[in-house]
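Structure first, commentary second.
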Amino acid sequence: MAQGWPFFLLVLFSSYVSNHLVNGERVFLFPQSHKVSSIVSKRYRTAYHFQPPKNWINDPNGPMYYNGIYHEFYQYNPNGSLWGNIIWGHSVSTDLINWIPVEPAIERDIPSDINGCWTGSATIISGDQPIIIYTGADKENRQLQNIVLPKNKSDPYLREWTKAGNNPVIQPVGPGLNASQFRDPTTGWIGPDGLWRIAVGAELNGYGAALLYKSQDFLNWTRVDHPLYSSNASSMWECPDFFAVLPGNSGGLDLSAEIPNGAKHVLKMSLDSCDKYMIGVYDLKRDTFMPDSVLDDRRLWSRIDHGNFYASKSFFDSKKGRRIIWGWTNETDSSSDDVAKGWAGIHAIPRTIWLDSYGKQLLQWPVEEIESLRRNEISHQGLELKKGDLFEIKGTDTSQADVEVDFELTSIDNADPFDPSWLLDVEKHCREAGASVQGGIGPFGLVVLASDNMEEHTAVHFRVYKSQQSYMILMCSDLRWSSLRSGMYTPAYGGFFEFDLQKERKISLRTLIDRSAVESFGGGGRVCIMARVYPVVLVDDGGAHMYAFNNGSTTVRVPQLRAWSMSRAEHK
Ligand code: DQQ
């Protein structure tokens, strides 16, 4: 691949310029010549990604829709902005976008949760009884499963929760079980025998497992003699999630309702700082999950998101008949920055999640409600981006925006050959094949949160490769030049997806920019990349720039580009 396109030499006075200049990638490595302003700035707080008014949050817990209200619980430190003292924070909403904080739902006050009220799930049993099962840590740091129920079901916000008398309902006992690696129960589902089931994340004989438990009344549980699924390719699985999907159907399924013929099941697990999943079949007779393909190398397991997105949890939204997934996105500044800021952690935008028509890959898209925040649409049609072109997208609030763009390939002849070994470390490949490195087709995409002279910028881009059977699209979200601050974690995230370019020449990109959050959906939601960035430009003058670009040798058309400024959501 040829090297090219030094961002800093671009002529930025024109909105549509060429940059046929040759240089190496090292031009991105700017020295910190500036006096960098403090990280303690309201400008880094998100305007429409969920976060509470202050302090630390991590995993989303027990999401549910009940009597007209969406509930979002979350791991919360009431005393500070680092992980610790964990209880369940609670917010409610009618639209998944604007949130009202209410009292914490679960606090540390019984022996089986005195050291922490950790992750868990909500299930609605008997038609209208919400019930939460969550992990508690006791004073020996053993992990036990506990139950809470709403004190008053007719309170629309379900503000108060009462602990069951028989807590803990599940003890960390049984052959091969590690008592300090036994947590994060799933939402329950009912089997043909009328019994409830849940899966609990665990380390079983040193390996990752989703252990299966059964109950008649949701209060008394018995461990099934085999796990729902386990794998010797990894150790402990956190936050398992288990749900059904119908190939090619974006409607969701309730795992406790009758599952239609042709449905597949998905087992998601959190490990290696990311959320992975397997698609397969749930054998009801044997009560086991069988993945369609078993991959011994877990680097090849499918991912929900290729960026900063962990401990996700999905729920069936009976209001709109869809499945929605939430994930936690951590800060990527330092712990001392978080202490100074007084807050840490956000949740990604809730996403509708479904299975593609081949039954192979999950697709995700921001819930439609987010579009209610859009204002001041700007749109461009029929742009053409030749090699080296950069088009400035003006007229929106570039630090709080929703951008949708279609890139149409004028030819697929120049696709560079695909090397399957890249799949083992896609981030490494994104570092090597950066936004300035010319390829046959691509890189093309968006540059967001860019300072005047491009010293700071975040590039979200695609590159097209020809593999033996098909075309493989690389999507990267490259944070290496996202901030002049030192000590930030600035990887180049990346993921691949297969795409039938013989049938369809348009590759779509949607990017939600929300101050310190850049959340991108490539190829109609085939690859999602959530990222955190702390550009100085956001604080100093707020005047960040946004561009569409192409640095590949093949010309790319942009039949449609739309962008909106985003209003602030209520989540205070
Ligand atoms: N976070 C919780 C655990 C879970 C982990 C503790 C995942 O229950 O395994 O805050 O981020």
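Using mature numbering (1 follows the signal peptide of the UniProt record, and there is no 0), the letters of the sequence shown map in sequence onto residues -24 to -1, 1 to 548.
Think of the CB as a built atom: it goes at the ideal place given N, C-alpha and C, for glycine as much as any other residue.
A quick note: this is a predicted structure, and the numbers were derived from the prediction, not measured.
Below 8 angstroms on the Cβ atoms is my guess for residue i versus residue j; work out the distance and round it to an integer in Å.
i	j	result
Ser496	Ile483	Actually they do not touch by this definition, with Cβ atoms about 12 angstroms apart.
Phe49	Gly38	5 angstroms
Ile123	Ile109	6 angstroms
Val534	Asp382	7 angstroms
Leu260	Gly167	7 angstroms
Pro80	Pro29	That belief does not hold up - the Cβ atoms of Pro80 and Pro29 are roughly 13 angstroms apart, past 8 angstroms.
Gly297	Glu307	The pair is not a contact, with the Cβ atoms about 35 angstroms apart (cut-off 8 angstroms).
Val515	Leu425	11 angstroms between Cβ atoms; not a contact.
Gly471	Arg279	7 angstroms
Leu488	Gly421	That belief does not hold up - the Cβ atoms of Leu488 and Gly421 are roughly 15 angstroms apart, past 8 angstroms.
Among the residues of its own chain, which have a CB less than 8 angstroms from the CB of residue i, if the five just before and after it don't count?
i	result
Pro126	Pro106, Leu134, Glu136, Trp137, Thr138
Gly60	Trp32, Asn53
His323	His25, Phe26, Gln27, Ile33, Pro36, Glu48, Tyr50, Trp302, Gly303, Trp304, Thr305
Leu331	Val221, Leu222, Pro223, Gly224, Asn225, Lys240, Val242, Ile255, Gln337, Leu338, Leu339
Leu231	Thr163, Trp165, Phe218, Phe219, Ala220, Phe292
Leu229	Phe219, Ala220, Val221, Leu222, Ile235, Pro236, Ala239, Phe292, Arg299
Thr70	Gly44, Ile45, Tyr46
Ser355	Gln536, Leu537, Arg538, Ala539
Leu58	Trp32, Ser311, Asp314, Val315, Ala320
Between residue i and chain B, is there a C-beta pair that is closer than 8 angstroms?
i	result
Arg84	Absent here is chain B; the protein component of the structure consists of one chain.
How would you call residue i, buried or exposed, if buried means at least 16 neighbouring beta carbons within 10 angstroms?
i	result
Gly128	Here residue 128 turns out to be Asn, not Gly, going by the sequence shown. With fewer than 16 Cβ atoms within 10 Å of its Cβ, Asn128 is classed as exposed.
Ala233	exposed
His282	buried
Gln376	buried
Thr162	buried
Leu247	buried
Gly358	exposed
Asn237	exposed
Asp293	buried
Arg21	buried
Glu179	buried
Asp490	buried
Glu546	exposed
Leu400	exposed
Asn352	exposed
Arg262	exposed
Asp517	exposed
Thr372	buried
Val176	buried
Val532	buried
Pro151	exposed
Asn284	buried
Pro396	exposed
Ser492	buried
Pro393	exposed
Note down, in chain order, each residue of its chain lying with its Cβ closer than 6 angstroms to the Cβ of residue i, except the 5 sequence neighbours on either side.
i	result
Ser427	Val513
Gly418	Phe438, Arg439, Val440, Gly528
Ala435	Ala411, Val423, Asp454
Ile388	Leu477
Ala287	Asp35, Cys215, Ser246, Trp304
Ala83	Correcting the residue identity first, residue 83 is Glu in this sequence and not Ala. The answer, listed in chain order, is Ile63.
Pro267	Met254, Gly256
Arg407	Ala468
Cys452	Cys406, His437, Ala468, Gly470
By Cβ distance, which residues of its chain are closer than 7 angstroms to residue i, with the 5 residues on each side in sequence left out?
i	result
Ile86	Lys139, Asn143
Pro467	Glu403, Leu455
Trp341	Arg327, Thr328, Phe497, Gly501
Asp114	Pro87, Ser88, Ile90, Asn91, Leu120
Leu153	Ala178, Leu180
Glu1	Unreliable placement is indicated for Glu1, whose pLDDT of 32 sits below 50; no coordinate value is reported for it.
Val12	Leu460, Arg461, Val512
Ser156	Asn117, Arg118, Gln119
Met464	Thr308, Asp309, Tyr510
Taking 7 angstroms as the line, does the beta carbon of residue i fall inside it for any heavy atom of the ligand ADP?
i	result
Asn34	This structure lacks the ligand ADP; the ligands present are the ligand DQQ.
Alpha helix (DSSP H) runs contained entirely in the segment 446 to 490, provided each spans 4 or more residues:
none
Inter-stretch contact at 8 angstroms, needing at least 3 Cβ pairs: the segment 309 to 321 / the segment 245 to 260:
no
Segment contact, 8 angstroms Cβ cut-off, at least three pairs: the segment 223 to 231 with the segment 196 to 212
no
Under 8 angstroms: do the segment 364 to 379 and the segment 537 to 547 share three or more Cβ pairs, one atom per stretch?
yes
Looking at C-beta atoms only, is the number of pairs between the segment 338 to 349 and the segment 86 to 95 that lie closer than 8 angstroms three or more?
no
Runs of 4 residues minimum, wholly inside the segment 335 to 371: which ones carry the alpha helix (DSSP H) assignment?
none
Length-filtered (3 minimum) beta strand (DSSP E) runs lying within the segment 164 to 252:
172 to 180, 183 to 191, 197 to 199, 205 to 207, 214 to 221, 240 to 247
Per the contact definition of three or more C-beta pairs closer than 8 angstroms, is the segment 198 to 209 in contact with the segment 176 to 190?
yes
Completely contained alpha helix (DSSP H) runs for the segment 52 to 77, where each covers 4 or more residues:
none
Going residue by residue through the segment 135 to 161, where are the continuous alpha helix (DSSP H) segments of at least 4 residues, counting only ones entirely within it?
none
Segments assigned alpha helix (DSSP H), at least 4 residues, entirely inside the segment 267 to 338
311 to 317
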